[in-house]
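Worksheet for the structure shown next.
There are 2 protein chains.
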Amino acid sequence: MARHEKISISVIRRLPRYYRFLGDLSRNGVLRISSKELSARMGLTASQIRQDLNCFGGFGQQGYGYNVDALHAEIGSILGISKIFPAIIVGAGNIGRAIAMNIGFENMGFKLTGIFDSSPDVIGMEIRGISVIDVSQLETFCKAHKPKIAVITVPQQAAPDIVDRLIKLGIESFWNFSHFDIAFNYPGIVVENVHLGDSLMTLCYMTNNLSALAAHQPQKTEK
Amino acid sequence: MARHEKISISVIRRLPRYYRFLGDLSRNGVLRISSKELSARMGLTASQIRQDLNCFGGFGQQGYGYNVDALHAEIGSILGISKIFPAIIVGAGNIGRAIAMNIGFENMGFKLTGIFDSSPDVIGMEIRGISVIDVSQLETFCKAHKPKIAVITVPQQAAPDIVDRLIKLGIESFWNFSHFDIAFNYPGIVVENVHLGDSLMTLCYMTNNLSALAAHQPQKTEK
DNA sequence: TAGATTGTTAATCGATTAACAATC
DNA sequence: TAGATTGTTAATCGATTAACAATC
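So, in structure tokens, the structure goes:
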């Protein structure tokens, strides 16, 4: 699928945002869009959009632009969201439950198949039709159901052990909300460390330095 | 505080992570650390750590390294987390409630002063000792309490109107969890668009391209 | 066709890494 | 003092932007 062998992480991280904007455009009945107009809506340069897309293929047409639906589908296919991987959530506290309820796993390449916790208060609770299982059953469950991704929503001190067990069980992807940083240096493991606290602190810095940052992100348009 | 007038966003985004690692080190009784050892723990280069810190000042000592507690305090002060800004959450659904319960606002420069929703089912509900208020009271509340930051956890279609009203009320910072992108081009407004769905889709891409990405993040160490 | 807009190469800009003199 | 490690300048690398020929 990829034209160039090595796609940079910066490009990859922009793909879901393209996908989102194109989905919105499609829902609003927009049939075609030029890189110039998309760039104005997204706050990017048209050049960057064309560069990004051409990492994967020539999806546009000179003099016309891009077909919204076709490009939306292409990016979905690049992201690989049609191939559904089984997912589990470990930690059924507030964050774990909120994610279970709010994230459209089905539209993002995943299907939620299990939720785990260690507290008797939540074990057995039904979340989105899934019953919370005792975390001691993790090994049994994973051997039977072979989940590919785990959402980590346990407290910091519990995280290293859970991650270690899951890696032994063959989990390849981690979506980590715990305060613990999953290292990137395991071979064959991919990780998204979310760290909401870091995001809030970044906002704190920006709030404190508002004047220095004023009109920070330039809304460049071509020509 | 800043030595150089313009600190890049890449540097700023690494600060909370430094702060977190230094806090952990401090709690583990580590008194001093060299950029080399910190780089090994964090998966960065020692050079980058020294460059980053020297944007703000010379906090180390040749031949010794950095005093963990002093550096931790310095970064906290750079982030500005001691000056507490009043914060509100708009949207008391799963995500809003999870954030209210889990995020240590007090340790991150903020104090939660109000939670809003439009649904009669949640209005009046107590979350962390705060009673959920009808969102129609937003104007009255904000004029009285002058919050500085708003956490946006409403559905996508409600977001544009809420953001518009909050900007009129003088809110300067947005921590946005809605599916709607708050544009960066308002003058004097700072925004963190979190977009958990984008993060999950990025992980989907990485999971699908695991082999190509294998051992992606190099753990460089000096010398 | 003429006008528009892509795909792609080249130029620029910024961020990361390397090197090393300064100094604790 | 000798060894270690910083702060800082220079070199490298990568990502973004600009330009334009190709072409629909």
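Protein chains in written order, with the working numbering: chain R, 1 to 223; chain D, 1001 to 1223. Note that beta-carbon positions come from the ideal geometry of N, C-alpha and C, so glycine has one too. As the structure is a prediction and not an experimental result, all values here were calculated from the model.
Own chain residues within Cβ distance below 7 Å of residue i, not counting five before or after
i	result
Asn259 (chain R)	Any property of residue 259 (chain R) remains undetermined from this structure, which presents chain R solely from 1 to 223.
Asn1208 (chain D)	none
Phe1110 (chain D)	Ile1084, Phe1085, Ala1087 and Ile1149
Leu25 (chain R)	Ile33 and Val68
Gly1188 (chain D)	Glu1172
Gly1080 (chain D)	Gly1109
Lys1106 (chain D)	The sequence given here has Glu at residue 1106 (chain D), not Lys. None.
Tyr64 (chain R)	Arg32
Chain D contact residues for residue i, given Cβ-Cβ distances below 9 Å
i	result
Ser173 (chain R)	Leu1203, Cys1204, Met1206, Thr1207 and Leu1210
Leu16 (chain R)	Looking at the sequence itself, residue 16 (chain R) is Pro, so the reference to Leu does not match. What Pro16 (chain R) touches in chain D: His1195, Gly1197, Asp1198, Ser1199, Leu1200, Met1201, Thr1202, Cys1204 and Tyr1205.
Tyr19 (chain R)	Asp1198 and Met1201
Spatial neighbours of residue i in its chain, beta-carbon cut-off 8 Å, leaving aside the 5 residues before and after
i	result
Ser1199 (chain D)	none
Ala1100 (chain D)	Ile1089, Ala1092, Leu1112, Ile1115, Ile1127, Arg1128 and Ile1130
Asp1161 (chain D)	none
Lys146 (chain R)	Pro86 and Gly170
Gln137 (chain R)	Phe116
Arg1097 (chain D)	Ile1127
Ser82 (chain R)	Gly76 and Gly109
Val1030 (chain D)	Val1068
Where residue i meets chain D, residues with beta-carbon distance less than 8 Å
i	result
Lys83 (chain R)	Asn1208
Arg97 (chain R)	Asn1094 and Ala1098
Lys148 (chain R)	Thr1207
Chain D contact residues for residue i, given Cβ-Cβ distances below 7 Å
i	result
Met101 (chain R)	Asn1094
Leu225 (chain R)	Limits of chain R in this structure are 1 at one end and 223 at the other, which puts residue 225 (chain R) out of reach.
Ala183 (chain R)	Gly1043
Ile12 (chain R)	Thr1202 and Tyr1205
Under 7 Å by beta carbon: chain R residues contacting residue i
i	result
Glu1192 (chain D)	Ser199, Thr202 and Leu203
Where residue i falls: helix, strand or coil (DSSP)
i	result
Ile127 (chain R)	strand
Gln137 (chain R)	helix
Ile1099 (chain D)	helix
Gln1028 (chain D)	Residue identity check: residue 1028 (chain D) is Asn in the sequence provided, not Gln. Three-state result, Asn1028 (chain D): coil.
Tyr205 (chain R)	helix
Gln1157 (chain D)	helix
Phe59 (chain R)	coil
Ile115 (chain R)	strand
Ser34 (chain R)	coil
Asn94 (chain R)	helix
Thr1221 (chain D)	Note on Thr1221 (chain D): pLDDT 32, under 50, position unreliable in the model; the coordinate value appears next. Three-state result, Thr1221 (chain D): coil.
Gly76 (chain R)	helix
Ala1183 (chain D)	coil
Asn54 (chain R)	coil
Gly1197 (chain D)	helix
Ser1173 (chain D)	strand
Gly65 (chain R)	strand
Integer Cβ distance of residue i from residue j, believed to fall under 8 Å
i	j	result
Phe85 (chain R)	Gly114 (chain R)	Going by Cβ atoms, the distance from Phe85 (chain R) to Gly114 (chain R) rounds to 13 Å, so no, they are not a contact pair.
Gly1197 (chain D)	Met201 (chain R)	Contact doesn't hold; Cβ gap of about 22 Å is too wide.
Arg1020 (chain D)	Asp1052 (chain D)	With 8 Å as the limit, Arg1020 (chain D) and Asp1052 (chain D) do not qualify as a contact, their Cβ atoms being about 14 Å apart.
Ile1007 (chain D)	Cys1055 (chain D)	5 Å
Asn102 (chain R)	Asn1094 (chain D)	5 Å
Phe1180 (chain D)	Ala1159 (chain D)	4 Å
Chain-ordered neighbours of residue i on chain R, where CB pairs are closer than 9 Å
i	result
Gly1109 (chain D)	Leu200, Met201, Leu203, Cys204, Tyr205, Thr207 and Asn208
6 Å CB neighbourhood of residue i in its chain, flanking five on each side removed
i	result
Pro218 (chain R)	At Pro218 (chain R) the pLDDT is 35, less than 50, meaning the model places this residue with poor confidence; the figure from the coordinates comes in the next sentence. No residues qualify anywhere along the chain.
Lys143 (chain R)	none
*Can we say the stretch 1154-1173 of chain D touches the stretch 66-73 of chain R, given the rule of at least three CB pairs closer than 8 Å?*
With a cut-off of 8 Å, the stretch 66-73 of chain R and the stretch 1154-1173 of chain D do not count as touching, because too few Cβ pairs lie within range.
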